[in-house]
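Using our numbering, read the sequence shown as starting at 8 and increasing by one per residue.
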Amino acid sequence: MNKKLVALFSILFFVVIVLAACGGESEDASSEEGNDDGSSEETVTLTLAENHPDDYPTTVGDKKFAELVEEKTDGRYEIEVYSGGQLGEESEVLEQVQLGTIELARVNAIPLTEFSESIGVLSMPYLFEDEEEKWEKLNGEVGQDLLGTLDGSGLVGLTFYDSGERSFYNNVRPVETPEDMEGLQLRVQSSDLAIAIVESLGASATPMEYGEVYSALQTGVIDGAENNFPSYYTSNHYEVAEYFTVNGYQGTPEVLLGSQDLWDDLSDEDKEAFKEAAMESVDVQREAWAELTEEAREAVTENGSELIEVSDTEEWREAVQPVYDEYGDQYSEWIDRFTE
Ligand code: GTR
Numbered sequence: 008m009n010k011k012l013v014a015l016f017s018i019l020f021f022v023v024i025v026l027a028a029c030g031g032e033s034e035d036a037s038s039e040e041g042n043d044d045g046s047s048e049e050t051v052t053l054t055l056a057e058n059h060p061d062d063y064p065t066t067v068g069d070k071k072f073a074e075l076v077e078e079k080t081d082g083r084y085e086i087e088v089y090s091g092g093q094l095g096e097e098s099e100v101l102e103q104v105q106l107g108t109i110e111l112a113r114v115n116a117i118p119l120t121e122f123s124e125s126i127g128v129l130s131m132p133y134l135f136e137d138e139e140e141k142w143e144k145l146n147g148e149v150g151q152d153l154l155g156t157l158d159g160s161g162l163v164g165l166t167f168y169d170s171g172e173r174s175f176y177n178n179v180r181p182v183e184t185p186e187d188m189e190g191l192q193l194r195v196q197s198s199d200l201a202i203a204i205v206e207s208l209g210a211s212a213t214p215m216e217y218g219e220v221y222s223a224l225q226t227g228v229i230d231g232a233e234n235n236f237p238s239y240y241t242s243n244h245y246e247v248a249e250y251f252t253v254n255g256y257q258g259t260p261e262v263l264l265g266s267q268d269l270w271d272d273l274s275d276e277d278k279e280a281f282k283e284a285a286m287e288s289v290d291v292q293r294e295a296w297a298e299l300t301e302e303a304r305e306a307v308t309e310n311g312s313e314l315i316e317v318s319d320t321e322e323w324r325e326a327v328q329p330v331y332d333e334y335g336d337q338y339s340e341w342i343d344r345f346t347e
């Protein structure tokens with residue numbers, strides 16, 4: 008071999024060695040060596056799925072949670088929040104969290120009725136009379152016990168986030184009384200309980216993903232849906248369904264959760280850090296919630312929505328009694344704990 012060739016081979020050999028050293032991927036593609044503080048422990052990057060926009064209150068909560076986890080675990084865990092439904096609709100995300108392919112998610116509690124025998128109690132109509140008391144319970148032992156009923160489903164509940172109250176809206180007529188609901192075709196989240204509520208009011212229920220509702224309203228596949236002011240506003244449903252009946256028939260909260268797979272990998276100390284971070288992010292989320300609720304209400308009114316205020320909900324409470332007849336026994340222990 009001539010000298011040039013030897014030199015060339017030496018260079019190639021050197022380059023290969025350097026590349027191999029730099030590209031030394033760890034088993035977990037989302038882990039990397041080295042922390043900001045100079046320690047050599049691995050940083051594990053986790054994914055959190057969120058179906059609302061980047062500045063929506065739940066996303067604000069997710070980001071606070073991420074920041075606190077990073078802080079409390081000295082940077083060993085880093086959480087990337089994927090907002091705007093980038094990782095799929097809520098039911099797809101839940102499946103992926105169950106499988107462990109997405110580690111964390113913020114979802115509404117209604118779709119969770121299919122994962123726990125008890126959590127549906129949160130969606131019982133007119134269950135909560137007082138927001139302050141509701142949050143005392145959700146942040147306290149009752150709430151923790153209820154999250155615990157997800158055990159065995161592949162999901163681990165971390166905390167609740169505020170989602171205010173849900174009300175009905177449609178593009179056919181102003182709805183003031185339950186009789187006005189007769190015959191309306193309304194979108195609901197995928198849960199038997201959600202269907203039962205709408206049917207108890209004489210309307211027809213169409214379960215559908217959140218991201219499909221706008222065009223379904225626009226094309227007349229459905230006449231209306233139900234949600235809180237922030238969702239009605241940020242999803243632009245107000246543009247295609249102008250009659251909003253403010254009857255706050257339900258106060259289902261949001262849930263921040265993780266996959267069982269992730270949970271099993273965490274040390275006891277880290278589990279505690281995740282739980283604390285979740286709990287400590289609630290205040291920030293709830294502040295953002297209160298702000299957007301006001302703003303959304305004003306904005307939809309300015310944009311031409313007609314708000315039909317229901318000051319006396321007595322008739323509505325009576326109309327949904329069949330739901331209590333059907334589900335009251337299943338949830339009796341929890342109804343007592345939430346209302347005592
Ligand atoms: C919103 C909730 C979303 C989603 C949506 C829906 O209030 O924040 O996570 O569940 O309702 O109606 O599907």
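Note that the Cβ used here is the ideal one computed from N, Cα and C, for glycine as well.
Assigned secondary structure, residue i (DSSP; H/G/I helix, E/B strand, else coil)
i	result
residue 344	helix
residue 338	coil
residue 117	helix
residue 248	coil
residue 234	strand
residue 254	strand
residue 134	coil
residue 262	strand
residue 222	helix
residue 204	helix
residue 173	strand
residue 124	coil
residue 168	strand
residue 313	strand
residue 182	coil
residue 156	coil
residue 241	helix
residue 96	coil
residue 330	helix
Cut-off 6 Å between Cβ atoms - residues of its own chain near residue i, not counting five sequence neighbours on either side
i	result
residue 72	284, 285, 288
residue 355	Limits of the chain in this structure are 8 at one end and 347 at the other, which puts residue 355 out of reach.
residue 123	156, 157
residue 59	65, 66
residue 189	209
residue 171	235, 300
residue 312	245, 249, 251
residue 295	64, 67
Strand pairing of residue i, partner residues [DSSP]
i	result
residue 192	211
residue 85	52
residue 163	265
residue 112	56, 264
Nearest-angstrom beta carbon gap, residue j and residue i [assumed within contact, 8 Å]
i	j	result
residue 261	residue 168	4 Å
residue 193	residue 210	5 Å
residue 198	residue 329	Not a contact, Cβ separation roughly 16 Å.
residue 184	residue 322	6 Å
residue 267	residue 68	In fact, because the Cβ distance is near 22 Å, the residues do not count as touching under 8 Å.
residue 165	residue 264	6 Å
residue 219	residue 98	Not really, about 12 Å apart at Cβ, beyond 8 Å.
residue 174	residue 256	6 Å
residue 280	residue 144	24 Å between Cβ atoms; not a contact.
residue 317	residue 253	6 Å
residue 177	residue 231	3 Å
residue 129	residue 116	5 Å
Contacts around residue i, its chain only, beta-carbon distance under 7 Å, and the 5 residues preceding and following it disregarded
i	result
residue 275	none
residue 125	153, 156, 338, 341
residue 30	With a pLDDT of 39 at residue 30, under the threshold of 50, the modelled position of this residue cannot be trusted; read the value that follows with caution. Cβ within range, chain order: n/a, list empty.
residue 5	Only positions 8 to 347 of the chain appear in this structure, which leaves residue 5 out of reach.
Spatial neighbours of residue i in its chain, beta-carbon cut-off 8 Å, leaving aside the 5 residues before and after
i	result
residue 335	342
residue 77	84, 85, 86
residue 308	314
residue 100	56, 58, 94, 109, 112, 114
residue 273	281
The ligand SAH heavy atom lying under 6 Å from the CB of residue i
i	result
residue 115	For the structure depicted, the ligand SAH is absent and the ligand set comprises only the ligand GTR.
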